[in-house]
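Quick note on the numbering used here: the first sequence kicks off at 15 and runs consecutively.
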Amino acid sequence: MYRTHNCGELNILDINKKVILSGWVHNIRILKKYIFIDLRDYYGITKLFIKKKYYLFKINNEYLIRIKGIVKKKNKNNIEVHVYKINIINKSKILPFNINSNGIPKVSKKLRLKYRYLDIRRKVIKDNLIKRSNIINKIRQYFLKKKFIELETPLLVNNTIEGARNFIIPSRNFKGKFYSLPQSPQIFKQLLMIGGIDKYFQIAKCFRDEDLRKDRQTEFLQLDIEISFINKIKNIIKLIEKFIKYIFKKFYNQRIIRFKKIKYNKAIKKYNTDKPNLINKIYNINIKIKKIKKKYNILSFILPNFLNIKNFKINKIIKIINIIFKKKYKKILIINNKNKYNNNFKKKKILNIIKKKFFSEYDILIIIIYNNNLKINKNKIFDKINKLLYNEAIYKKNILIPIWIINFPLFKYNIKNKKYYSYHHPFTCPIINNNKLSYKNYSKSYDLVINGIEIASGSIRINNYKLQKKIFNLLKIKKENINKNFKFFLNALKYGVPPHGGIGIGIDRLILLLLNKKDIKNLIPFPKNYYNKDIMLNSPSKINNNYLFKLGIKIIKKNKIYK
RNA sequence: GGUUUGGUAGUUCAAAUAGGUAAGAAUACGUGCCUGUCACGCACGAGGUUACGGGUUCAAAUCCCGUCCAAACCGCCA
15 MYRTHNCGEL NILDINKKVI LSGWVHNIRI LKKYIFIDLR DYYGITKLFI KKKYYLFKIN
75 NEYLIRIKGI VKKKNKNNIE VHVYKINIIN KSKILPFNIN SNGIPKVSKK LRLKYRYLDI
135 RRKVIKDNLI KRSNIINKIR QYFLKKKFIE LETPLLVNNT IEGARNFIIP SRNFKGKFYS
195 LPQSPQIFKQ LLMIGGIDKY FQIAKCFRDE DLRKDRQTEF LQLDIEISFI NKIKNIIKLI
255 EKFIKYIFKK FYNQRIIRFK KIKYNKAIKK YNTDKPNLIN KIYNINIKIK KIKKKYNILS
315 FILPNFLNIK NFKINKIIKI INIIFKKKYK KILIINNKNK YNNNFKKKKI LNIIKKKFFS
375 EYDILIIIIY NNNLKINKNK IFDKINKLLY NEAIYKKNIL IPIWIINFPL FKYNIKNKKY
435 YSYHHPFTCP IINNNKLSYK NYSKSYDLVI NGIEIASGSI RINNYKLQKK IFNLLKIKKE
495 NINKNFKFFL NALKYGVPPH GGIGIGIDRL ILLLLNKKDI KNLIPFPKNY YNKDIMLNSP
555 SKINNNYLFK LGIKIIKKNK IYK
């Protein structure tokens with residue numbers, strides 16, 4: 015028998031009970047007469063008290079031991095187990111890093127990934143994984159309760175022509191032909207709607223062969239949702255807002271400031287990006303002031319002020335500007351709607367223009383006028399100020415500001431290829447006025463961005479054969495490609511397709527936000543590193559020539575990274 | 001695909017003023033001491049071809065070149 019109790023559950027009520035415990039040696043302290051061990055298992059830590067006569071074998075950190083003992087009172091609220099027998103179940107090698115240190119151990123990420131199984135023993139990572147499980151569980155319950163049904167879609171699919179690169183899987187039965195791993199279950203979920211399924215969801219693994227970031231892995235979980243009999247974006251937006259509010263209330267103690275919504279075009283004008291971070295990112299705006307002479311440049315930006323940036327912080331920001339400009343600017347103007355900080359700027363017209371661009375009435379506008387011949391690195395200024403805001407104000411307050419970006423353009427133009435591509439994907443329903451459909455149309459699409467992180471993306475879909483074909487034509491997809499990739503789908507669109515739409519929510523990113531973390535690798539059991547390698551498995555790896563021959567594959571040129 | 005930074009005991013880091021004593025410390029490891037520790041403490045010990053290969057120099061961890069590996073940014077991410 016390995017255990018009668020686990021290390022987390024023993025308490026004052028168990029005093030004088032005989033117990034058997036198994037666990038890892040979290041920490042050991044050897045004195046002349048006594049030995050103290052903190053014994054750790056999945057559930058917690060129990061303190062052990064051992065008299066020298068029972069300590070017969072050398073024990074080190076992370077040895078796996080089983081003990082027999084009696085529960086005794088340690089002090090008012092705590093117990094310890096007085097041990098009379100110890101077995102070593104399994105010894106441990108000298109550790110590559112300390113597991114019992116608090117917080118993040120002082121060790122390179124490479125080692126933590128290489129010994130991921132040891133990293134998982136650490137409380138921080140273990141707790142993340144437990145929370146991950148809880149969150150995913152709640153998501154599933156939520157949508158099942160709302161009468162969605164959960165269905166799987168295949169992982170071995172066809173290569174898609176647009177978007178991110180696919181992972182390719184060679185076929186043994188059909189030499190020279192390939193499967194691909196899906197970037198999302200897009201077509202399948204639409205086919206489910208065509209099949210009369212009313213509300214579908216799936217917690218789906220998706221794959222994209224692109225380089226990684228802190229908030230991006232190549233294989234990731236997506237909460238995939240599709241609903242029939244809707245044709246307006248607000249149908250989905252309402253549903254998701256409710257869900258997001260629910261999940262954040264459950265796992266994130268801070269309230270959500272109400273959702274904002276902005277059209278793509280306006281977002282670009284206002285924030286210069288379609289993923290605005292309304293919290294810690296200041297944003298650049300271009301202001302023209304007529305009376306300024308040609309030899310001066312203007313640098314202007316807005317501090318989005320959800321956090322009551324006060325005078326002393328303004329002073330710090332000005333200090334940064336002073337350092338970078340070496341005080342050689344001509345003028346700094348600091349303006350908010352109440353003109354509280356600076357009275358030099360009284361021209362009402364300009365103020366009104368600025369007001370329109372302001373996100374909220376508490377925002378602060380900073381304008382710096384400086385001589386042309388000063389070479390200024392704007393990004394450096396923005397970076398420094400962002401850091402200041404992030405460290406001092408935002409990080410502590412855990413505020414979330416979700417914003418919907420809606421009505422993306424239907425197409426975008428790629429200058430390199432001189433080709434048009436779908437902004438979202440070719441199944442996105444266009445907004446059509448006066449029966450006109452061209453490259454300039456917008457679409458019934460929506461992204462949800464929270465604090466600069468793209469959380470969800472979706473659209474109302476095309477449910478009409480002719481319209482879908484027009485889109486393919488505008489994309490100039492060759493007939494043979496249409497036949498190869500989409501013939502079945504176009505065909506399906508001929509059979510009384512309900513209006514439908516949906517959304518995909520990045521679960522890993524959602525968890526990142528819910529747990530207020532920065533690096534997605536800490537929230538995934540076995541993440542890949544920056545170059546898409548699994549450092550522990552050392553994958554990807556070579557395949558022997560015999561097997562390659564069976565697949566009909568010959569390697570022509572080796573890439574350095576994959577040697 | 002592009003740019004940048006880095007690789008020194010098992011691990012985390014030092015080794016200044018652009019090369020100059022015998023490459024140090026903490027922790028982990030080993031032995032011993034210590035009346036109850038709780039990140040125990042104390043003493044002693046072991047542990048290094050400074051990633052690998054080449055070059056410059058009287059002299060290289062330090063400068064240069066190549067290879068390998070890692071971290072970060074950009075591109076990319078419908």
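Using N, Cα and C, we set each Cβ at its ideal position, and we do this for glycine too.
Just the Cα atoms here: how many angstroms apart are residue i and residue j?
i: Glu164; j: Leu158; result: 8 Å
i: Ile113; j: Arg136; result: 6 Å
i: Asn75; j: Asn536; result: 23 Å
i: Lys145; j: Lys542; result: 20 Å
i: Ile469; j: Ile417; result: 10 Å
i: Leu462; j: Lys275; result: 9 Å
i: Phe111; j: Tyr77; result: 15 Å
i: Arg154; j: Leu170; result: 24 Å
i: Phe243; j: Asp212; result: 8 Å
i: Phe359; j: Lys152; result: Legend: pLDDT at Phe359 = 48, less than 50; position of this residue unreliable, no value from coordinates given.
i: Lys345; j: Lys458; result: 45 Å
i: Ile42; j: Leu62; result: 9 Å
i: His19; j: His514; result: 53 Å
i: Tyr460; j: Asn245; result: 13 Å
i: Lys46; j: Val39; result: 19 Å
i: Tyr561; j: Ile150; result: 38 Å
i: Lys450; j: Ser194; result: 36 Å
i: Lys228; j: Thr174; result: 26 Å
i: Leu313; j: Lys284; result: 15 Å
i: Phe581; j: Asn142; result: Outside the displayed range of the chain (15 to 577) lies residue 581, so it cannot be described from this structure.
i: Asn89; j: Asn530; result: 36 Å
i: Gly22; j: Phe257; result: 33 Å
i: Leu524; j: Gly518; result: 12 Å
i: Phe486; j: Pro196; result: 20 Å
i: Leu347; j: Ile382; result: 6 Å
From which residue to which residue does the beta strand (DSSP E) around residue i run?
i: Ala470; result: 467–474
i: Ile417; result: 416–420
i: Lys275; result: 274–277
i: Tyr435; result: 433–436
i: Asn559; result: Careful: Asn559 lies outside any beta strand (DSSP E), inside the alpha helix (DSSP H) at 559–565.
i: Tyr453; result: Careful: Tyr453 lies outside any beta strand (DSSP E) and carries neither H nor E.
i: Tyr427; result: 425–428
Quick one: residues in its chain with C-beta nearer than 8 Å to the C-beta of residue i, no 5 flanking neighbours on either side, listed in chain order?
i: Leu507; result: Ile208, Ile476, Asn477, Asn478, Tyr479, Gln482
i: Asn405; result: The predicted model places Asn405 with a pLDDT of 48, which falls under 50 and marks its position as unreliable; any figure quoted below should be read in that light. Around Asn405: no qualifying Cβ.
i: Lys566; result: One point to set straight first is that residue 566 is Gly, not Lys, in the sequence displayed. Here the set comprises Pro184, Lys189, Gly190.
i: Asn91; result: Ile26
i: Ile282; result: Asp288
i: Asn428; result: Tyr434, Tyr435
Going along the chain, which residues of its own chain have a beta-carbon closer than 7 Å to the beta-carbon of residue i, five neighbours each way excluded?
i: Val85; result: Leu24, Asp28, Ile29, Asn30, Lys31, Val33, Ile93, Val95
i: Phe234; result: Cys220, Gly520, Asp522
i: Asp223; result: Ala178, Arg179, Asn180, Phe181, Thr232
i: Ile139; result: Asp133, Asn536
i: Ile199; result: Rather than Ile, the amino acid found at residue 199 in this sequence is Pro. Same-chain partners within the cutoff: Thr167, Gln216, Ala218, Asp238.
i: Leu206; result: Leu165, Tyr214, Glu240
i: Val511; result: Ile208, Asn477
i: Lys277; result: Ile420, Asn421
i: Lys264; result: Lys152
Roughly how far, in whole angstroms, is the beta-carbon of residue i from the beta-carbon of residue j, given that I think they are within contact range, below 8 Å?
i: Gln231; j: Ile464; result: No, Gln231 and Ile464 are not in contact; Cβ-Cβ is about 18 Å, not under 8 Å.
i: Lys99; j: Tyr68; result: 7 Å
i: Ile73; j: Asp288; result: Incorrect: roughly 57 Å between the Cβ atoms, too far for contact.
i: Leu527; j: Ile467; result: 7 Å
I'd like the span of the alpha helix (DSSP H) that includes residue i, first residue to last.
i: Leu379; result: Run containing Leu379: none in the alpha helix (DSSP H); it sits in the beta strand (DSSP E), 378–385.
i: Asn41; result: That residue, Asn41, is in no alpha helix (DSSP H); its beta strand (DSSP E) goes 32–44.
i: Glu240; result: Per DSSP, Glu240 belongs to no alpha helix (DSSP H); it is in the beta strand (DSSP E), 233–242.
i: Gln204; result: 200–208
i: Lys12; result: Because residue 12 is not part of the residues shown, which for the chain are 15 to 577, the question remains open.
With a threshold of 6 Å on Cβ separation, who are the neighbours of residue i within its own chain once the five nearest residues in sequence on each side are excluded?
i: Ile44; result: none
i: Tyr544; result: Leu226
i: Arg17; result: Ile34, Leu35, Ser36
i: Asn148; result: none
i: Glu255; result: Phe273
i: Lys441; result: According to the sequence shown, residue 441 is Phe rather than Lys. So the list reads Arg475, Ile476, once near-sequence residues are dropped.
i: Arg126; result: Asp133
May I ask you to check if the CB of residue i is nearer than 6 Å to at least one heavy atom of the ligand SAM?
i: Asn114; result: As for the ligand SAM, it is missing from this structure, which has no ligand bound.
Quiz item: In chain order, which alpha helix (DSSP H) runs of at least 4 residues are fully inside the segment 466–529?
Solution: With a minimum length of 4 residues, the unbroken runs of alpha helix (DSSP H) contained wholly in the segment 466–529 fall at 479–488, 501–506, 521–528.
Quiz item: Enumerated in chain order, which unbroken segments of the alpha helix (DSSP H) with a length of 4 residues or greater are wholly contained in the segment 91–173?
Solution: Counting only runs of 4 or more, we get 123–128, 130–133, 137–159.
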